[in-house]
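A.B. asks:
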Amino acid sequence: MPPRPMPRAPREEGAMMINHAALDAPAHRSAAADALMDRGYAILRKAVPASLIASIAEDLGPRYEATPFSEGGFYGERTKRFGRLLIRSPHVAELVMNRAVLGLAEVALGNWCERIQLNLTQAIELHPGALAQYPHRDQIWNPVD
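So the sequence shown is numbered by this note's numbering: it starts at 90 and just counts up by one.
#1: Could you check whether valine 181 and threonine 210 sit closer than 8 Å to each other, using their CB atoms as the reference points?
#2: I need the DSSP call for arginine 152, collapsed to helix, strand or coil.
#3: Tell whether a beta-carbon distance below 8 Å holds between alanine 121 and leucine 133.
#4: On the three-pair Cβ rule with 8 Å, is the region 205–225 touching the region 170–189?
#5: Take aspartate 127 as the anchor and find which of His216, Cys202 and Ala197 has the nearest alpha-carbon.
#6: When the distance is taken between beta carbons, is threonine 168 closer than 8 Å to serine 178?
#7: Enumerate in chain order the residues of its own chain whose CB-to-CB distance from glutamine 222 is below 7 Å, with the five nearest sequence positions on each side excluded.
#8: Since isoleucine 213 is in the beta strand (DSSP E), which residue starts that stretch and which ends it?
#9: Mind checking which residues open and close the alpha helix (DSSP H) that includes glycine 192?
#10: Kindly indicate which three-state DSSP category arginine 128 falls into: helix, strand or coil?
#11: Under 8 Å between the Cβ atoms of proline 141 and glutamate 183?
Printed below as a string of structure tokens:
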């Protein structure tokens, strides 16, 4: 099992704080941390209510319709992508601030990070005929020693 992050100094007011005891309590969260560290991804089943995902899908539906297909082999010509999800759906904040998700981010970032800062929220929709997009670890994901 990968080492857990060292305790950190108290954060400034309003900064995100993770309760590691809560993260480690359920067995599935520990397994998710192992999967994330071993494979570069983890699937958290039922991490949020299905109604939250349905609300996000409803909010983003018009944007998916308006978004053209991507161009080029890297992005996939039968794929649609767009960002700025926090602006496009008020429900996305609940998803990105989910305790289990943030806890896994802290496990992955470990001692290389004092404070999590969200860099990107992106929606990706694969259409029939799109190349399969398998779960994978991005090449720049690993911290530099």
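Yeah, the Cβ is synthetic: ideal placement off N, Cα and C, and Gly gets one too.
C.D. replies: If we stick to the structure as given:
#1: yes
#2: helix
#3: yes
#4: yes
#5: Ala197
#6: no
#7: Leu215
#8: 211–215
#9: For glycine 192, the enclosing alpha helix (DSSP H) begins and ends at 188–198.
#10: helix
#11: Residue 141 is actually leucine in this sequence, not proline. Taking the C-beta atoms as reference points, glutamate 183 is found nearer than 8 Å to leucine 141.
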